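Numbering follows UniProt numbering, in which position 604 of the sequence shown is assigned residue number 604; successive positions increment by one, without gaps. Beta carbons are placed, not taken as given, at the ideal position from N, Cα and C, and that holds for glycine. Since the model is a prediction, treat every value here as computed from it, not as a measurement. One structure is given below, encoded as structure tokens.
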Amino acid sequence: MVLHIDRVSGVRALIPIDFIFTLSIKPPQYNILTAMTIQYVQGVRLYAHIGSTYLFTLLLMFLVYFHWRAVYRLRNEWFHSPEYRHLFYARTLSITNIPPRLQSDAGLYKIFNALQLPYQVTSVHIGRRVGALPDLIAEHDSAVIGLEQVLAEYSEGDQLASERPIIVLGGLWGMGGRSVDAIEYYTARIKHAEAAVQQYYAQLNLQRAENYGFATMASIPAAHAAARELRGDHPKGITVELAPNPKDIIWGNLSLSRVERRFRRLIGFSLLILFCILSLIPQIPVASLANLDAIAASGYIPFLQPWYNASPITYTIVSAVVPPAFAALFSYFLPRLMCWLSKYMGAVTYSSLERVVVARYFAFLVISQLIIFTILGVLFNSVLAIIQAIQSQGASLKVVFDNLSKLPARITQTYVTQSSFWLKWFPLQGFLLLLDLSQLFNLLWFSLRTRLYGRSPRDIREYSKPPAFDYALEYSNLLFMATIGLVFAPLAPLVSLAAAATFWLCSGVYKYQLVFVYVTRVETGGRTWNVVVNRMIFAAMFMQAILILTIALQVPFKSLQFIASVPPLLFLLGFKYYIKKRFSNDFQYYIPSFEELSRSIVHFEDPDTEGTKLRDRYGHPALRVDLMSPMVHSRTLRMLRRIYGGGTRNRTRGIGENKIREKSLDQIDVFEGVKFIPGQLEYDPEVYQRDREEVDHDFDSVNVDDHTLETPVPSPLEHPRFDPTLNRGAGHETNDSPKLAKCDIAPTRALGRPPAYHRHGQGSSLAFAVPFYDVQASGHEADASTENGAEYLGHDQSGAPQSNQRGQQSLAHAHRRSNSQAAQLSTGRNHDQGAGGRRITRTGPARIQK
Numbered sequence: 001m002v003l004h005i006d007r008v009s010g011v012r013a014l015i016p017i018d019f020i021f022t023l024s025i026k027p028p029q030y031n032i033l034t035a036m037t038i039q040y041v042q043g044v045r046l047y048a049h050i051g052s053t054y055l056f057t058l059l060l061m062f063l064v065y066f067h068w069r070a071v072y073r074l075r076n077e078w079f080h081s082p083e084y085r086h087l088f089y090a091r092t093l094s095i096t097n098i099p100p101r102l103q104s105d106a107g108l109y110k111i112f113n114a115l116q117l118p119y120q121v122t123s124v125h126i127g128r129r130v131g132a133l134p135d136l137i138a139e140h141d142s143a144v145i146g147l148e149q150v151l152a153e154y155s156e157g158d159q160l161a162s163e164r165p166i167i168v169l170g171g172l173w174g175m176g177g178r179s180v181d182a183i184e185y186y187t188a189r190i191k192h193a194e195a196a197v198q199q200y201y202a203q204l205n206l207q208r209a210e211n212y213g214f215a216t217m218a219s220i221p222a223a224h225a226a227a228r229e230l231r232g233d234h235p236k237g238i239t240v241e242l243a244p245n246p247k248d249i250i251w252g253n254l255s256l257s258r259v260e261r262r263f264r265r266l267i268g269f270s271l272l273i274l275f276c277i278l279s280l281i282p283q284i285p286v287a288s289l290a291n292l293d294a295i296a297a298s299g300y301i302p303f304l305q306p307w308y309n310a311s312p313i314t315y316t317i318v319s320a321v322v323p324p325a326f327a328a329l330f331s332y333f334l335p336r337l338m339c340w341l342s343k344y345m346g347a348v349t350y351s352s353l354e355r356v357v358v359a360r361y362f363a364f365l366v367i368s369q370l371i372i373f374t375i376l377g378v379l380f381n382s383v384l385a386i387i388q389a390i391q392s393q394g395a396s397l398k399v400v401f402d403n404l405s406k407l408p409a410r411i412t413q414t415y416v417t418q419s420s421f422w423l424k425w426f427p428l429q430g431f432l433l434l435l436d437l438s439q440l441f442n443l444l445w446f447s448l449r450t451r452l453y454g455r456s457p458r459d460i461r462e463y464s465k466p467p468a469f470d471y472a473l474e475y476s477n478l479l480f481m482a483t484i485g486l487v488f489a490p491l492a493p494l495v496s497l498a499a500a501a502t503f504w505l506c507s508g509v510y511k512y513q514l515v516f517v518y519v520t521r522v523e524t525g526g527r528t529w530n531v532v533v534n535r536m537i538f539a540a541m542f543m544q545a546i547l548i549l550t551i552a553l554q555v556p557f558k559s560l561q562f563i564a565s566v567p568p569l570l571f572l573l574g575f576k577y578y579i580k581k582r583f584s585n586d587f588q589y590y591i592p593s594f595e596e597l598s599r600s601i602v603h604f605e606d607p608d609t610e611g612t613k614l615r616d617r618y619g620h621p622a623l624r625v626d627l628m629s630p631m632v633h634s635r636t637l638r639m640l641r642r643i644y645g646g647g648t649r650n651r652t653r654g655i656g657e658n659k660i661r662e663k664s665l666d667q668i669d670v671f672e673g674v675k676f677i678p679g680q681l682e683y684d685p686e687v688y689q690r691d692r693e694e695v696d697h698d699f700d701s702v703n704v705d706d707h708t709l710e711t712p713v714p715s716p717l718e719h720p721r722f723d724p725t726l727n728r729g730a731g732h733e734t735n736d737s738p739k740l741a742k743c744d745i746a747p748t749r750a751l752g753r754p755p756a757y758h759r760h761g762q763g764s765s766l767a768f769a770v771p772f773y774d775v776q777a778s779g780h781e782a783d784a785s786t787e788n789g790a791e792y793l794g795h796d797q798s799g800a801p802q803s804n805q806r807g808q809q810s811l812a813h814a815h816r817r818s819n820s821q822a823a824q825l826s827t828g829r830n831h832d833q834g835a836g837g838r839r840i841t842r843t844g845p846a847r848i849q850k
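Below you can see the structure in the form of structure tokens.
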């Protein structure tokens with residue numbers, strides 16, 4: 001929208017003013033493009049450009065505030081959604097940098113006891129040290145994928161290739177080494193890696209704890225309140241934050257200590273600075289090609305002008321297409337390097353990694369491709385001007401210093417004339433968008449790879465899955481395009497027109513792709529919005545700074561034009577401070593009202609699935625990994641005996657017979673100790689749904705076993721800041737609060753569950769918590785307890801109790817729903833064999849005993 005208004009105001013107002021004034025003075029060496037810029041504008045006509053910045057700034061402030069409020073409201077709606085209210089990780093806290101003496105379950109309770117938080121902790125889990133197990137599993141899976149690829153390459157259709165595939169071990173750059181049979185090599189690697197995994201797993205000591213852990217609170221508001229209260233504080237060196245989605249965690253970085261993280265950040269930033277310096281090397285030829293017209297006009301390189309006269313098409317291709325194409329190629333590899341460096345520097349989650357990459361990659365683009373690119377252009381034009389002056393006037397220091405005095409005007413001339421480069425760059429971005437929309441590159445790559453190397457069933461399954469959308473790369477590119485459009489809006493409005501056209505194209509392309517092509521890795525509730533909008537405000541500030549510099553290079557500092565150009569920058573600074581206070585500080589946390597607290601779900605301490613829920617969700621994935629089995633085509637499965645040179649015969653003794661029967665060859669799927677499974681070309685929708693959905697719906701509660709504590713946790717009722725609504729829901733009565741419910745709960749049962757929720761389905765693997773409000777009517781208390789503790793009392797809007805029959809029907813419906821969900825989760829967990837995996841599971845100790 002901002003670029004659209006920039007386009008309208010620039011094309012209809014600024015371009016006519018600049019063009020008419022330039023034609024009236026007819027400066028030397030001007031053309032149509034430079035005539036429509038601020039390059040030759042002087043005097044009172046500068047107020048038109050200054051006034052346009054006021055318009056752009058006010059419009060940007062209005063739109064940012066409007067959309068900030070909409071996103072803030074949308075995030076609150078997400079907090080209130082049934083999906084979020086039943087997410088287990090929504091009421092879980094992550095604790096990192098735990099001291100060694102407190103690295104246990106009991107130590108986590110000691111930490112919360114020392115913090116004196118008025119919120120009830122219902123369960124804790126300390127991370128377990130897995131050592132090299134993830135690396136061994138990755139080695140096994142890599143060998144499986146390698147075997148699948150060589151088998152797909154060896155079996156062409158229903159026939160085997162004439163020669164067995166080979167692999168070269170050792171050597172350097174294809175020279176030297178020894179050749180071995182690839183099938184035998186990968187088969188041996190699989191057997192060795194699987195044996196190593198099993199042996200390491202058997203010797204793994206799960207009593208060894210890591211320096212991180214997790215804790216669940218009684219309710220989601222309590223978890224957010226605790227995280228908000230401890231934000232920025234590091235008691236005893238620990239860091240307490242809201243726990244991320246378990247699928248979003250980078251487990252290798254979670255256990256890094258502060259020293260290791262600081263060392264990695266030092267190395268990472270050093271490599272990043274080194275790479276920024278090295279990126280200047282390709283920027284020099286790009287800047288030269290972008291200023292090829294100036295070089296040709298100078299006559300310093302004699303063959304350029306004859307080349308332009310002889311073949312203007314090739315000259316235009318080199319000067320107009322090669323620099324933007326090189327910049328696009330450079331931007332393809334750079335984000336991946338940024339992602340690798342940020343991951344090495346200790347990013348804990350993939351979503352935080354995306355936000356960090358957005359910030360760093362955007363900063364790199366602005367510095368390298370906008371600021372340094374302009375500085376190189378200024379230096380390049382200054383050197384050319386000095387060379388021309390020396391050729392015409394002779395070599396002397398006076399000639400050099402006279403040319404350096406023209407440097408301010410040359411700066412303005414450079415970044416204005418470089419607008420032609422961005423006019424060529426934006427159409428290339430639009431072409432790349434259309435190419436991405438057509439998926440032509442992926443189609444060609446997959447076809448070429450299939451013809452050269454074949455496709456295994458796993459490749460087909462992986463290619464058929466919708467890929468995750470690369471928000472870091474796309475947001476960075478969009479922010480950079482918006483920055484260019486805003487910076488050149490008051491200087492060269494045609495660039496804003498090109499940027500607006502590209503953004504219109506982006507809106508259609510990304511809308512289609514996000515609906516039909518890509519998926520989001522993990523839902524974060526709009527956490528990236530804060531990073532994006534801050535960069536947009538920075539882009540507007542950068543626009544103001546460039547305009548102030550342009551005005552300062554043409555008029556004195558005490559002039560009215562210069563003074564009038566400063567206030568928009570001050571407006572943006574004040575607006576940024578207001579936005580931070582109004583939205584940013586509390587954007588991450590859920591801050592409910594009292595009415596919302598009364599409807600919040602409160603969980604209990606009663607055992608839920610034998611107290612392993614938190615451990616199952618936040619245990620290291622390597623402890624319950626699915627070892628991959630080689631997946632081959634069904635036709636290849638029938639040819640495995642020929643491939644393995646006779647294979648191995650499985651003999652089984654017949655039941656009730658004295659002779660030994662031999663299995664048919666079609667039933668044999670184990671060769672050389674490796675089990676093969678037939679390929680399922682289509683990705684199982686149930687498995688995909690299990691992988692994509694939030695399967696940790698929190699319909700039951702977690703437990704606190706008081707026998708595991710070395711020091712008992714004091715009752716929250718004794719804490720001066722105890723908030724009963726956060727801990728016990730609306731059932732708690734205070735003198736200054738309305739009577740929403742009446743709960744029969746003794747003070748000594750403060751850590752117990754409120755009777756407003758009952759645990760049902762004791763025989764099932766899931767329990768469903770059913771809320772109700774026991775409103776006191778006619779001065780008597782409704783007894784919500786029965787012999788089983790599972791009676792539901794319903795009430796109408798007037799507060800009169802309804803029949804128990806209706807409550808029992810609701811209870812039966814909830815119980816059936818609980819059993820159905822438990823069956824669905826059980827089905828999803830037991831579907832691993834159909835996906836081609838063998839699960840190895842070791843539960844380990846449930847908790848560290850005293």
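Pull up the CB-CB distance for Asp158 and Arg635, whole angstroms please, since I reckon it's below 8 Å. 6 Å
Quiz item: Taking the alpha carbon of Leu334 as the point to measure from, which residue in Phe275, Tyr308, Val356 has its own alpha carbon closest?
Solution: Phe275
- What separation, rounded to the nearest whole angstrom, lies between the Cα atoms of Pro235 and Phe112? 10 Å
query = For Gly268 versus Tyr361, is the C-beta distance shorter than 7 Å?
reply = Between Gly268 and Tyr361, the C-beta spacing is not below 7 Å.
For His86, which three-state DSSP category applies? Note: His86 maps to coil in three-state DSSP.
- For my contact list, Met36 and Phe575 are in at a C-beta cut-off of 8 Å; report their separation, rounded to the angstrom. At roughly 31 Å, the Cβ-Cβ gap does not stay under 8 Å, so Met36 and Phe575 are not in contact.
key: Bridge partners - Asp181, DSSP secondary structure assignment   = Partner residues in the beta bridge of Asp181, as assigned by DSSP, are Ile166.
Q. So, using beta-carbon positions, are Val240 and Leu230 closer together than 7 Å?
A. Cβ atoms of Val240 and Leu230: closer than 7 Å.
- Item | Span separating the alpha-carbon of Arg101 from that of Leu108 | 10 Å
Exercise for review: Please go through the same chain and pick out, in chain order, the residues whose beta-carbon is closer than 6 Å to the beta-carbon of Ser419, but skip the five residues on each side of it.
Suggested key: Phe488, Ala492, Val495
Query - Whether Asp233 touches Ser351 by CB criterion (7 Å) - result: no
**Q.** Contact set for Tyr415: own chain, Cβ-Cβ below 6 Å, skip 5 residues either direction
**A.** Thr374
message: Between Leu437, Ser584, Trp445, Pro457, which has its C-alpha nearest Phe469's C-alpha?
response: Per the Cα distances, Leu437.
Distance, Cα to Cα, Tyr512 vs Leu428?
20 Å
Note the first and the last residue of the continuous alpha helix (DSSP H) segment covering Thr57.
46–80
Query raised in the report: DSSP on Ala325, reduced to helix/strand/coil?
Result: helix
* To do: Can you give me the start and stop residues for the beta strand (DSSP E) that Arg128 sits inside?
  => 121–128
**Prompt:** Taking the alpha carbon of Asn477 as the point to measure from, which residue in Met639, Phe503, Leu63 has its own alpha carbon closest?
**Reply:** Phe503
Review point. Given Val509, which residues of its chain have a CB within under 8 Å of its CB, disregarding the five upstream and five downstream residues?
Key: Leu433, Leu434, Asp436, Leu437
Considering Tyr212, what are the terminal residues of the beta strand (DSSP E) in which it resides?
209–217
_Of the residues Ser464, Phe671, Leu627, Phe676, the one placed nearest Tyr201, counting alpha carbons only_ = A check of alpha carbon separations from Tyr201 across Ser464, Phe671, Leu627, Phe676 identifies Leu627 as the nearest.
### Query
When we look at the beta-carbon of Val602 and count the other beta-carbons within 10 Å, is it buried (16 or more) or exposed?
buried
query = Going by DSSP, which residues form a beta bridge with Glu241?
reply = Ser94
**OP:** Find the nearest neighbour of Gln39 within the set Thr412, Asn31, Ala225, judged by alpha-carbon distance.
**Re:** Thr412
Check: Taking the alpha carbon of Pro592 as the point to measure from, which residue in Lys191, Pro221, Asn97 has its own alpha carbon closest?
Finding: Pro221
(message) With the cut-off set at 7 Å, would you say Val144 and Pro621 are in Cβ contact?
(response) no
- Item | Under 7 Å between C-beta atoms of Thr96 and Phe214 | no
ask   = Is it right to say Lys613 is buried, meaning 16 or more other beta carbons lie within 10 angstroms of its own, or is it exposed?
value = For Lys613, the number of other beta carbons within 10 angstroms of its own is at least 16, and it is reported as buried.
Q) Among Gly377, Leu479, Ala193, Asp459, which one has its Cα closest to the Cα of Cys506? A) Leu479
Inspect the CB distances between the stretch 555–566 and the stretch 370–389 and report whether three or more fall short of 8 Å. no
* Asked: Roughly how many whole angstroms lie between the Cα atoms of His633 and Tyr453?
  -> The alpha-carbon of His633 is positioned some 15 Å away from that of Tyr453.
Taking the C-alpha atoms as reference points, what is the distance between Thr786 and Asn76?
Note that Thr786 scores 33 on pLDDT, short of 50, meaning its location in the model is unreliable and no value can be drawn from it.
What is the DSSP secondary structure of Gln388, reduced to helix, strand or coil? helix
Going by DSSP, what residue range makes up the alpha helix (DSSP H) through residue 906?
In this structure the chain extends from 1 to 850, so residue 906 is not present and cannot be described.
(request) May I ask you to report which of helix, strand or coil DSSP gives Ser584? (result) helix
- Apart from the five residues just before and just after Leu256, which ones in its own chain have a Cβ nearer than 6 Å to its Cβ? Gly346
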